[in-house]
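Engineer: First residue of the sequence shown? That's 1 in the numbering used here, and the numbers climb one at a time after it. By construction, the Cβ of each residue, glycine as well, lies at the ideal position given by its N, Cα and C atoms. Just passing along the structure, written as structure tokens.
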Amino acid sequence: AEDPIEVDPYQNAKYSCQRVTPLVNPNQKYSDALELLEKHAEFLGGDNNLARALAFRKASAALRAHPRPIKSMSEVENLNDLKGGKHCKRVIQEILEDNFSTEVENIQSDEWFQTMQTFTGIFGCGSTTARKWYEKGHRTLDDIMQSEGGSLTLEQMKGIEHYNDLNTPVTRCEAERVLNIVRNEAEKILPGVTVIITGGFIRGKSSGHDVDFLISHPEEGKEEGLLAKLLQNLRKYLLYTDIQRKTYGEVSSSKRQNTMDRFERCFSIFKLPSESEASENGAKGEERYQDDGQEGGNPSKKMKMSSEVDSPKSDNKKTWIARRVDFVITPASQHPFALMGWTGSRMFCRSIRDYANKEMNMILTSHGLFDKTKNQFLEAKTEREIFEHLNLPYREPCERNC
Ligand code: CTP
Ligand code: MN
Ligand code: MN
Ligand code: MN
């Protein structure tokens, strides 16, 4: 049968950043399975498993960009990132034949994997900590609170306190309500400020694990000092903040992982009033808060703003929900690069940086684009100009879901 679908010439290109990768694709069951294997390998940890995880992700990205439902293994064989992947192909073949994979089902029902999922669901707990807790015999959040109570970071304590809320997906509607609150306060402090939602929502996802804000001002430098004031004005909404100062002007390397960008930012837990509460503008919500209001100015310190528990106590009607919110501040000159970095997906960004480096001899980060051949930075006013510098076809955010 003739294929009526017009296939993008880049559909099977070497780098996933070259392809169109929509949010919804006809091979979801394969990509979901491969991403579960990716997660399993990430949980195991160590260089070898992390390399395996990346291979699973690349295979999944290839399937996510494939415009037709897979019908045969020869079709899979033709995909660039699957040629060598025996393990991936075995799993795809299983699903193709039986509509499920025994290996995937075994992982899903495995106690270690389930416990790792529970533990890494805690804000502030990565695979390494989760593995350590499992090895000490912990299996539940109660085990952690009883045995690790004294050694938990503030982040992890807050993560456990708000565990159920933070593991309930953030809806687009909620993200927009947070946006309205944040934008309103930011505009009061700095007229002309731009506050936009990036991350999964800008790629078209209808829900996410957090809300990512990029905050800037068209006039370079105006954004300086904004974050501290903004957080101060938003303090009644903030259940936890981890403020990190900018390090992009500095010569010496910071303690941050070098994969992370160097913008001034705040990883927070945001207390979002329920819709009815917000319209009544509840004084009830306010009096729960004992703002301990000190340390407004020290951005390198973690700041505790409320010690409320998010489970209902006396009145068992909770009138708010805890949401993870990231604030990132960018100067205008770096904005398109920051936008690309925070729009994601993580795989898209990994891919486009790899492409820039290997195919163009350029270094792309969330701060800029450096041409090693010309020995100079290349400016961009829009994301489109970054794609042009890289000689790549432009991809809309909703096409970057690899
Ligand atoms: N990011 C980053 N530095 C961090 C955290 C995230 O550059 N410290 C980038 C990621 O690379 C990603 C984007 O910000 O491209 C959004 O990250 P995240 O919120 O974790 O994922 P989303 O794609 O938004 O998905 P979700 O719906 O789960 O939030
Ligand atoms: Mn996000
Ligand atoms: Mn996420
Ligand atoms: Mn985020």
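Express the C-alpha separation of valine 182 and leucine 431 in angstroms, rounding to a whole number.
Structural biologist: Beyond the ends of the chain as shown, which are 1 and 402, falls residue 431; an answer cannot be given.
Engineer: With methionine 340 as the anchor, note down where its alpha helix (DSSP H) starts and where it stops.
Structural biologist: 335-343 is the span of the alpha helix (DSSP H), which, as asked, contains methionine 340.
Engineer: In angstroms, rounded to a whole number, what distance separates the CA positions of glutamate 75 and methionine 362?
Structural biologist: If I take the Cα positions, the gap works out to 34 Å.
Engineer: Under 6 Å Cβ to Cβ from tyrosine 15, same chain only, skipping five residues before and after it: list those, please.
Structural biologist: Ser351, Tyr355, listed in sequence order.
Engineer: Got a list of residues with beta-carbon closer than 6 Å to any non-hydrogen atom of ligand 4, in chain order?
Structural biologist: Working through the chain, the matches are Gly199, Asp210, Asp212, Asp326.
Engineer: In chain order, what residues of the same chain have a beta carbon less than 7 Å from the beta carbon of methionine 145, not counting five sequence neighbours either side?
Structural biologist: Ile160, listed in sequence order.
Engineer: Let's test the definition: count the other Cβ atoms within 10 Å of the Cβ of cysteine 17 and tell me whether it reaches 16, buried, or not, exposed.
Structural biologist: Answer is buried; the Cβ neighbour count reaches 16.
Engineer: So leucine 50 and valine 91 are supposed to be a Cβ contact under 8 Å. How far apart are they, rounded?
Structural biologist: The Cβ separation is near 19 Å, so there is no contact.
Engineer: Ligand 5 and glycine 208: does any heavy atom of the ligand fall closer than 7 Å to the residue's C-beta?
Structural biologist: As far as ligands go, the structure on display features ligand 1, ligand 2, ligand 3 and ligand 4 and does not contain ligand 5.
Engineer: Do methionine 347 and arginine 57 have their CB atoms nearer than 8 Å?
Structural biologist: Going by C-beta atoms, methionine 347 is nearer than 8 Å to arginine 57.
Engineer: Measure the beta-carbon distance from alanine 186 to isoleucine 215 and round it to whole angstroms, keeping in mind my assumption that it falls under 8 Å.
Structural biologist: Indeed they touch by this definition, with Cβ atoms about 6 Å apart.
Engineer: So for threonine 115, helix, strand or coil by DSSP?
Structural biologist: Threonine 115: helix per DSSP, three-state reduction.
Engineer: May I ask you to report which of helix, strand or coil DSSP gives lysine 358?
Structural biologist: Residue state, collapsed to three classes: helix.
Engineer: Which parts of the segment 135-213 are runs of the alpha helix (DSSP H), unbroken and 4 residues or longer, counting only runs that do not cross its ends?
Structural biologist: Within the segment 135-213, the complete alpha helix (DSSP H) runs of at least 4 residues are 141-148, 154-161, 163-166, 172-189, 199-202.
Engineer: What did DSSP end up calling alanine 62 once you bin it into helix, strand or coil?
Structural biologist: Looking at alanine 62 - three-state DSSP - the assignment turns out to be helix.
Engineer: If we ignore side chains and look at the alpha-carbon of each, how far apart do aspartate 81 and lysine 372 end up?
Structural biologist: Roughly 28 Å separates the two Cα atoms.
Engineer: Would you check whether ligand 1 has a heavy atom nearer than 7 Å to the C-beta of aspartate 261?
Structural biologist: Within the cutoff, so yes.
Engineer: Considering leucine 44, what are the terminal residues of the alpha helix (DSSP H) in which it resides?
Structural biologist: Unbroken alpha helix (DSSP H) run through leucine 44: 28-44.
Engineer: Give a yes or no on whether the minimum CB-CB distance between asparagine 48 and chain B is below 8 Å.
Structural biologist: Considering every chain present, this structure includes no chain B. It has just one protein chain.
Engineer: Near arginine 403, which residues of its chain fall below 8 Å by C-beta distance, leaving aside the five closest residues on each side in sequence?
Structural biologist: The first residue shown for the chain is 1 and the last is 402, placing residue 403 beyond what the model contains.
Engineer: Just tell me which of Ile202, Lys205, Val193, Thr198 has its CA closest to the CA of glycine 225.
Structural biologist: Of the listed residues, the one whose Cα sits closest to glycine 225 is Val193.
Engineer: Among Tyr163, Ala59, Lys39, which one has its Cα closest to the Cα of glutamine 108?
Structural biologist: Nearest option by C-alpha distance: Lys39.
Engineer: Please report how far the alpha carbon of asparagine 12 lies from the alpha carbon of asparagine 401, in whole angstroms.
Structural biologist: Looking at the two C-alpha atoms, the distance is approximately 15 Å.
Engineer: Could you tell me the distance, in whole angstroms, from the CA atom of lysine 236 to the CA atom of alanine 338?
Structural biologist: So the two alpha carbons sit approximately 28 Å from each other.
Engineer: So which of Arg68, Gly46, Ser31 has the shortest CA-CA distance to serine 60?
Structural biologist: For serine 60, the nearest C-alpha among the options comes from Ser31.
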